[in-house]
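J.: Here you go, one structure.
Protein chains: 2
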Amino acid sequence: MESENKIYRELKKRLTTDTYNHGQKLRAEVLRDEFGCSASTVREILFRLASDGLVNFQDQRGFRVPDLSPTKLIELTHMRILLESEGAVLSIRQGGVGWEASLTAAHHKLSHLEKRIHAREDPTDLVDLWFTSEKEFHQTLISACGSTTLKHMHSLIYAQFRQQLMKADRRFDFISNNIKQHSDILEAALAADEALTRKRVHDHLARHLTGQTATLASESDAK
Amino acid sequence: MESENKIYRELKKRLTTDTYNHGQKLRAEVLRDEFGCSASTVREILFRLASDGLVNFQDQRGFRVPDLSPTKLIELTHMRILLESEGAVLSIRQGGVGWEASLTAAHHKLSHLEKRIHAREDPTDLVDLWFTSEKEFHQTLISACGSTTLKHMHSLIYAQFRQQLMKADRRFDFISNNIKQHSDILEAALAADEALTRKRVHDHLARHLTGQTATLASESDAK
DNA sequence: ATTTTCAAAATTTTCGAGATTTTGCTGTAA
DNA sequence: TTACAGCAAAATCTCGAAAATTTTGAAAAT
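Which chain is which? The protein sequence lines are A and B, in order.
If you count by numbering that gives the first Met the number 0, then the first sequence holds residues 0 to 222, one letter each, in order.
If you count by numbering that gives the first Met the number 0, then the second sequence holds residues 0 to 222, one letter each, in order.
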């Protein structure tokens with residue numbers, strides 16, 4: 000079972016990075032050969048990933064990588080805004096110095112990495128690190144919210160979001176004004192400005208929604 | 000697999016009603032005998048339920064019904080408030096007459112049922128129906144929000160909430176002012192009053208949080 | 001040329017037995 | 001009495017193969 004978790008994590012990583020094509024079939028027998036375990040074990044893992052929303056399952060038709068879906072990406076973005084705004088504000092209220100410190104630390108790492116990537120020509124080997132750091136920054140942002148449930152929901156949504164975005168836009172996020180947006184969020188959070196934090200989290204996450212209809216209720220409240 | 004889904008639904012029903020005790024072990028071999036399938040099949044189903052948060056899994060130690068946790072119940076309540084407020088407001092904006100009609104219908108059924116239960120002495124045989132109707136009312140409330148993802152998250156949270164509440168308070172919900180609260184929500188929703196709908200959804204769901212610290216950020220906004 | 005039929009091939013699902021790990025009991029020593 | 005091994009029983013996990021189902025592809029019919 001320890002190896003089962005290992006395989007689970009490896010597959011999850013592949014599904015949230017760029018390894019497989021959307022719609023691609025995931026056959027238990029193929030993965031069994033690759034990982035050196037039985038097909039039943041793979042099947043269990045694929046069921047878990049299906050519950051996570053990272054894999055599609057159809058009765059008698061096996062498992063597939065989800066299709067690219069702009070609609071889905073919009074929905075996931077809205078959920079992230081909802082959960083991260085809420086989690087960030089709660090963290091501001093309850094986090095204290097410890098939280099501020101860890102958020103600053105997470106931002107520093109991410110910021111440093113983004114600068115390195117910008118400097119280079121071919122950042123392919125730094126991409127993995129960037130993904131880890133970006134995720135960690137957003138997780139830290141909500142880490143002091145006091146709700147395991149909220150954090151768990153967020154991690155489910157985040158993984159699906161990453162999966163969709165990865166297929167939708169291979170140029171990734173570290174271009175343009177992404178660095179500034181992360182800094183802006185940190186600034187608002189450290190200032191304990193709840194409304195501003197909400198707005199900046201929203202603006203940061205909504206950057207992929209260009210031209211889309213505003214279907215998030217909180218959006219109208221966020222000025 | 001059709002039978003697998005059947006077993007999944009049956010187990011889910013048991014876990015969200017009162018069949019098992021918290022902490023109780025769920026042994027694959029026992030369930031296998033009961034459902035007439037293999038232990039591996041049961042194992043798959045239990046893994047799915049574990050991902051849904053309705054069952055706890057520990058490596059090499061099998062599956063258990065989750066313990067009663069007041070903290071968890073509070074967190075789930077907060078998530079419900081967050082998701083249902085958002086979903087209700089979005090539905091108000093996008094639902095149209097069709098949504099209003101179905102919400103009225105759902106409320107009518109629930110209301111009728113609650114009156115029947117109040118009239119009787121022993122409502123045990125109506126309880127099942129009430130659970131279905133209560134769930135349906137809340138699902139209908141957010142049904143026109145336009146986000147499959149939001150609805151899916153909500154259904155996960157709702158099931159866990161029901162599971163926890165069932166163990167925490169066996170007197171159930173149809174006591175006290177529950178009838179009025181549902182009517183209030185319907186009224187606010189039909190009036191398309193977004194702020195009032197948020198407030199009434201909040202008040203309705205927060206009724207179990209008596210004396211608890213207010214850890215939900217939206218709470219302070221909801222006057 | 002298109003559709004239908006049917007059997008072979010491929011894939012998915014189910015199953016029970018063997019391997020591994022945990023649990024509970026018993027006896028021994030401090 | 002308590003603590004700690006050692007051992008037996010029970011439970012869990014892994015696996016490969018049999019059974020059931022779907023897909024494929026070629027021949028026959030329209």
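Heads up, the beta-carbon is just placed ideally off N, CA and C, and yes, glycines get one too.
Please read all numbers here as calculations on a predicted model, not as lab measurements.
Rounded to whole angstroms, what's the CA-CA distance from residue 21(A) to residue 163(A)? Just pull it up for me.
T.: Roughly 9 Å between the two C-alpha positions.
J.: Whole angstroms are fine: how far does the CA of residue 188(B) sit from the CA of residue 197(A)?
T.: Answer to the nearest angstrom: the Cα atoms are 26 Å apart.
J.: Buried or exposed for residue 166(A), going by 16 or more other Cβ atoms inside 10 Å?
T.: Buried.
J.: Can you check whether the C-beta of residue 253(B) is within less than 8 Å of a C-beta belonging to chain A?
T.: In the structure as shown, chain B begins at 0 and stops at 222. Residue 253(B) is therefore absent and cannot be evaluated.
J.: Excluding the five sequence neighbours on either side, which residues of its own chain have a C-beta within less than 8 Å of the C-beta of residue 25(A), listed in chain order?
T.: Cβ neighbours of residue 25(A) beyond the five flanking positions: 19, 45, 54, 61, 62, 63 and 64.
J.: How far does the beta strand (DSSP E) with residue 57(B) in it reach, from first residue to last?
T.: Start and end: 55-57.
J.: At the 8 Å Cβ level, is residue 50(A) part of the contact set with chain B, yes or no?
T.: So yes, residue 50(A) belongs to the interface.
J.: Considering only C-alpha positions, which residue in the set 111(A), 70(A), 92(A) and 3(A) is nearest to residue 34(A)?
T.: Residue 34(A) has its Cα closest to that of 3(A), out of 111(A), 70(A), 92(A) and 3(A).
J.: Locate the beta strand (DSSP E) running through residue 63(B), then write down its first and last residues.
T.: Residues 61-63.
J.: Quick one: which chain A residues come within Cβ less than 7 Å of residue 165(B)?
T.: By Cβ distance, chain A contributes nothing, its closest Cβ being about 17 Å from residue 165(B), past 7 Å.
J.: Leaving out the 5 sequence neighbours to the left and right, which residues in its chain are closer than 7 Å to residue 222(A) when beta-carbon positions are compared?
T.: Confidence in residue 222(A) is poor, its pLDDT being 36 and thus under 50, which makes the residue's placement too unreliable to answer from.
J.: Taking any Cβ of chain B, which residues in the segment 28-40 of chain A have a Cβ under 7 Å from it, in chain order?
T.: Residues 39.
J.: Could you say if the segment 7-15 of chain A and the segment 36-52 of chain A meet the contact criterion of at least three C-beta pairs nearer than 8 Å?
T.: Verdict: yes, contact present.
J.: If you check the beta carbons only, do residue 136(A) and residue 87(A) fall under 8 Å apart?
T.: Result no, Cβ atoms of residue 136(A) and residue 87(A) do not sit closer than 8 Å.
J.: Distance, Cα to Cα, residue 27(B) vs residue 10(B)?
T.: Going from the Cα of residue 27(B) to the Cα of residue 10(B) covers about 12 Å.
J.: Please confirm whether residue 77(B) has its beta-carbon closer than 8 Å to some beta-carbon of chain A.
T.: Yes, its Cβ sits closer than 8 Å to a Cβ of chain A.
J.: When DSSP labels each residue in this structure, what does residue 25(B) get in the three-state scheme?
T.: Reduced to three states, the DSSP call for residue 25(B) is strand.
J.: Identify the contact partners of residue 47(A) in chain B, using a Cβ-Cβ distance below 7 Å as the criterion.
T.: In chain order: 46 and 50.
J.: List, in order along the chain, the chain B residues whose C-beta lies closer than 9 Å to that of residue 149(A)?
T.: Result: 74, 77, 78 and 81.
J.: Please state whether DSSP places residue 157(A) in a helix, a strand or coil.
T.: Note: residue 157(A) maps to helix in three-state DSSP.
J.: Measure the C-alpha to C-alpha separation of residue 183(B) and residue 111(B) and round it to an integer number of angstroms.
T.: Cα to Cα, the separation comes out at about 16 Å.
J.: Listing by chain order, which chain B residues have their CB less than 8 Å from the CB of residue 43(A)?
T.: Here the neighbours are 42, 43 and 46.
J.: Per the contact definition of three or more C-beta pairs closer than 8 Å, is the segment 141-158 of chain A in contact with the segment 84-101 of chain A?
T.: Result yes; three or more Cβ-Cβ pairs closer than 8 Å.
J.: Select from the segment 78-108 of chain B all residues with a C-beta closer than 7 Å to any C-beta belonging to chain A, and list them in chain order.
T.: Within the segment 78-108 of chain B, the residues whose Cβ lies closer than 7 Å to some Cβ of chain A are 78, 81, 85, 88 and 89, listed in chain order.
J.: Measuring CB to CB, does residue 177(A) end up less than 8 Å from residue 83(A)?
T.: Not in contact: residue 177(A) and residue 83(A) (Cβ atoms no closer than 8 Å).
J.: As an exercise, report each continuous alpha helix (DSSP H) stretch of at least 4 residues that is fully enclosed by the segment 61-124 of chain A, in chain order.
T.: 69-93 and 95-118, all fully within the segment 61-124 of chain A.
J.: So the alpha helix (DSSP H) residue 141(B) belongs to, where does it begin and stop?
T.: Note, residue 141(B): premise wrong, no alpha helix (DSSP H); not H, not E.
J.: Roughly how many whole angstroms lie between the Cα atoms of residue 185(B) and residue 151(B)?
T.: So the two alpha carbons sit approximately 22 Å from each other.
J.: So residue 199(A) is in the alpha helix (DSSP H); what residue range does that whole segment cover?
T.: Its alpha helix (DSSP H) spans residues 193-204.
J.: Using CA coordinates, which residue listed in 85(A), 193(A), 40(A) and 202(A) is at the minimum distance from residue 181(A)?
T.: Among 85(A), 193(A), 40(A) and 202(A), the Cα nearest to that of residue 181(A) belongs to 202(A).
J.: When burial is assigned at 16 or more other CB atoms within 10 Å of the CB, is residue 71(A) buried or exposed?
T.: Result: buried.
J.: Just to confirm before moving on: does the CB-CB distance between residue 128(B) and residue 85(B) stay below 8 Å?
T.: Not in contact: residue 128(B) and residue 85(B) (Cβ atoms no closer than 8 Å).
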